[in-house]
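*Asks:* Residue 8 in numbering that gives the first Met the number 0 sits at position 9 of the sequence shown, with consecutive numbering throughout. Yeah, the Cβ is synthetic: ideal placement off N, Cα and C, and Gly gets one too. The structure presented is a predicted model; accordingly, all values stated were derived computationally and were not measured.
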Amino acid sequence: MKAFTTPGVGRTEVIDKPIPTPGPDDVIVKTTAALICTSDVHTVAGALPVEAGRTLGHEAVGVVEAIGSNVTGFTEGQRVAVNAITPCWECRYCQTGYTSQCGGPLGGYQYTAQRDGNMAEYFVVPKARGNLAPIPDAITDAQAVYACDMLSTGFMGAEHCYLRLGDSVAIFAQGAVGLSATIGATLLGAARIFAVEAIPARQDLARAFGATDIIDFTQGDAVEQIRAATDGEGVDAAIEAFGFPQTWEACLRVTKAGGRVSNIGYHGENPNPLPVPLDAFGLGMADKSIHTGLCPGGNDRMQRIFALIGTGRFDPTLMTTHTFGFDDVEKAFELMRTKQDGVIKPLITF
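Here it is as structure tokens:
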């Protein structure tokens with residue numbers, strides 16, 4: 000089979016690998032569609048040390064090719080999807096509800112980090128009874144693949160804001176994860192959603208997904224704009240979806256006393272500690288809370304997202320700006336790396 004790999008820092012290539020065979024708890028999936036993630040770009044740049052030749056990718060759907068002896072509930076040829084996070088469901092982290100931290104910090108992120116990813120013609124789903132999800136007939140592969148990471152992560156960002164009906168929330172950056180957080184905040188009943196974004200096409204998508212206010216940071220300080228729009232009070236919650244120290248600090252500054260900050264941005268490319276401005280933190284006594292998290296996995300999570308898509312609550316494919324065949328996956332990756340041509344998410348078809 001063909002697999003999209005990284006032979007070393009700063010390099011990618013498509014190589015031949017053996018088609019995997021399933022262990023007792025595994026399912027082998029023949030890939031039909033996948034997405035390239037900014038996390039793949041970070042990995043190739045050296046942010047995540049991986050062995051040479053490791054297959055990239057963690058957002059893919061397909062059809063069941065082979066089933067391990069312990070796996071029940073699936074049939075060959077069935078359309079299925081797996082989350083970017085594939086926990087064991089047995090360790091203490093999993094049993095206490097922190098499945099994305101399976102076995103230790105960030106341990107549920109296995110694809111690419113601990114095993115071959117799924118940007119290949121076939122891939123393994125470990126612990127398939129807990130991690131593999133059937134795709135309903137009502138949704139397409141191009142829709143379902145967004146549940147693997149973007150929607151699951153973005154929704155987590157909104158969930159960790161602990162929104163109440165009528166709350167206000169600021170979401171810093173409207174890439175695919177930030178847009179997914181906007182969808183999540185809308186579904187959870189936020190009355191006012193401030194989407195911080197300067198790119199017009201992303202501003203338009205944010206509005207389509209429920210943002211009530213667009214804050215263009217090129218037109219003035221985003222925190223000041225939001226405070227002015229809320230009569231100086233600030234918002235109930237803020238979501239950091241960019242991974243920059245400036246947007247992290249802005250989240251702390253824009254939330255009112257008792258506010259919640261939810262971080263879903265990746266901060267691994269910043270070598271310095273993240274600042275916590277004491278005035279914005281009320282000298283440690285402003286009743287503000289910070290919640291971090293990694294994309295939740297599991298088939299229940301996937302099926303809940305599929306249900307939202309299938310009932311027409313939103314269409315995630317509005318974020319698909321480009322489509323490539325797998326033969327052109329390296330072109331798609333380069334586009335994602337350079338962020339040219341208005342790319343948000345490139346869909347790879349097999």
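Give me whichever residues DSSP pairs with Ser261 in a beta bridge.
*Replies:* The partner list for Ser261 (beta bridge, DSSP) reads Ile238 and His290.
*Asks:* Between which two residues does the alpha helix (DSSP H) holding Gly183 run?
*Replies:* Ala175 to Leu186 is the span of the alpha helix (DSSP H), which, as asked, contains Gly183.
*Asks:* Buried or exposed for Arg163, please, with buried defined as at least 16 other CB atoms from any protein chain shown within 10 angstroms of its CB.
*Replies:* Looking at its Cβ environment, which holds fewer than 16 other Cβ atoms inside 10 Å, Arg163 is exposed.
*Asks:* Please report how far the alpha carbon of Thr37 lies from the alpha carbon of Gly231, in whole angstroms.
*Replies:* About 35 Å.
*Asks:* Looking at the C-beta of His266, does it have a partner C-beta in chain C at a distance below 9 Å?
*Replies:* You won't find chain C in this structure, because it holds only one protein chain.
*Asks:* Is DSSP giving His321 helix, strand or coil here?
*Replies:* His321: strand per DSSP, three-state reduction.
*Asks:* By how many angstroms is the C-alpha of Ile27 removed from the C-alpha of Ala65?
*Replies:* Going from the Cα of Ala65 to the Cα of Ile27 covers about 5 Å.
*Asks:* Going by C-alpha distance, which of Met301, Val124, Leu346 and Gln339 is nearest Pro133?
*Replies:* Pro133 has its Cα closest to that of Met301, out of Met301, Val124, Leu346 and Gln339.
*Asks:* Ile170 and Ala210: beta carbons closer than 9 Å?
*Replies:* Contact: yes.
*Asks:* Give a yes or no on contact between the region 244-251 and the region 165-179, applying the rule of three or more CB pairs nearer than 8 Å.
*Replies:* The region 244-251 is in contact with the region 165-179.
*Asks:* Determine the DSSP secondary structure at Lys29, reduced to helix, strand or coil.
*Replies:* Three-state result, Lys29: strand.
*Asks:* Given Pro21, which residues of its chain have a CB within under 6 Å of its CB, disregarding the five upstream and five downstream residues?
*Replies:* Correct list, in chain order: Ile27, Ala65 and Gly67.
*Asks:* Please report the residue range of the alpha helix (DSSP H) in which Pro48 lies.
*Replies:* Careful: Pro48 lies outside any alpha helix (DSSP H) and carries neither H nor E.
*Asks:* Are Val43 and Val8 close, meaning C-beta to C-beta below 9 Å?
*Replies:* Yes, they are a contact pair.
*Asks:* Based on the DSSP output, what are the partners of Val81 in its beta bridges?
*Replies:* DSSP output for Val81 lists Ala59 and Leu131 as bridge partner(s).
*Asks:* Within this structure, are the beta carbons of Met318 and Lys344 separated by less than 9 Å?
*Replies:* Yes, they are a contact pair.
*Asks:* Let me make sure I understand the geometry here. Which of Ile84, Gln100, Ser151 and Lys255 has the alpha-carbon closest to that of Phe116?
*Replies:* Looking at the sequence shown, residue 116 is not Phe but Gly. Among Ile84, Gln100, Ser151 and Lys255, the Cα nearest to that of Gly116 belongs to Ile84.
*Asks:* Once DSSP output is grouped into helix, strand and coil, what is the label at Ala190?
*Replies:* Ala190 falls in the coil class under three-state DSSP.
*Asks:* Please classify Asn262 as buried or exposed, where buried requires at least 16 neighbouring CB atoms within 10 angstroms.
*Replies:* Result: buried.
*Asks:* In the DSSP assignment, what are the bridge partners of Thr37?
*Replies:* Answer by DSSP bridge pairing: none, since Thr37 is not bridged.
*Asks:* Let me check one thing: in DSSP terms, what residues is Ser167 bridge-paired to?
*Replies:* Looking at the DSSP assignment, Ser167 forms a beta bridge with Arg191.
*Asks:* In terms of residue numbering, what span does the beta strand (DSSP E) encompassing Tyr121 cover?
*Replies:* First-last of the beta strand (DSSP E) with Tyr121: Tyr121 to Val124.
*Asks:* Where in the region 189-224 do unbroken runs of the alpha helix (DSSP H), each at least 4 residues long, occur, reported from the N-terminal end onward?
*Replies:* Qualifying alpha helix (DSSP H) stretches, in chain order: 199-207.
*Asks:* Provide the residue span of the alpha helix (DSSP H) that contains Ala143, from first to last.
*Replies:* Its alpha helix (DSSP H) spans residues Asp140 to Ala143.
*Asks:* Pick out whichever of Ala32, Gly96, Leu293 and Gln142 has its Cα sitting closest to the Cα of Thr310.
*Replies:* The residue with the shortest Cα to Cα distance from Thr310 is Gln142.
*Asks:* Let's test the definition: count the other Cβ atoms within 10 Å of the Cβ of Pro274 and tell me whether it reaches 16, buried, or not, exposed.
*Replies:* With fewer than 16 Cβ atoms within 10 Å of its Cβ, Pro274 is classed as exposed.
*Asks:* In whole angstroms, what separates the C-alpha of Gly257 from that of Val70?
*Replies:* About 46 Å.
*Asks:* For a test of the three-state rule: what should DSSP assign to Val70, helix, strand or coil?
*Replies:* Correct three-state label for Val70: coil.
*Asks:* Within 8 Å, do at least three Cβ pairs link the region 142-156 to the region 324-332?
*Replies:* Contact between the region 324-332 and the region 142-156 is absent, because fewer than three Cβ pairs lie under 8 Å.
*Asks:* Smallest Cα separation from Lys255: which of Gly264, Val13, Gly242 and Val222?
*Replies:* Lys255 has its Cα closest to that of Val222, out of Gly264, Val13, Gly242 and Val222.
*Asks:* Output the distance between the C-alpha atoms of Phe349 and Asp220, rounded to the nearest integer angstrom.
*Replies:* Taking the straight line from one Cα to the other gives about 44 Å.
*Asks:* Taking Asp235 as the reference, which of Val260, Gly177, Asp212 and Gly283 has the closest Cα?
*Replies:* Checking every option, the nearest Cα to that of Asp235 belongs to Val260.
*Asks:* Given a cut-off of 9 Å on the beta-carbon distance, is the pair Gly296 and Ala240 in contact?
*Replies:* Going by C-beta atoms, Gly296 is not nearer than 9 Å to Ala240.
*Asks:* Quick check on the burial criterion: 16 or more other C-beta atoms within 10 angstroms. Buried or exposed for Met284?
*Replies:* It is exposed - the Cβ of Met284 has fewer than 16 other Cβ atoms within 10 Å.
*Asks:* For Tyr110, which beta-bridge partners are listed by DSSP?
*Replies:* Its beta-bridge partners are Arg114.
*Asks:* At the level of alpha carbons, what is the spacing between Ala119 and Thr31?
*Replies:* So the two alpha carbons sit approximately 10 Å from each other.
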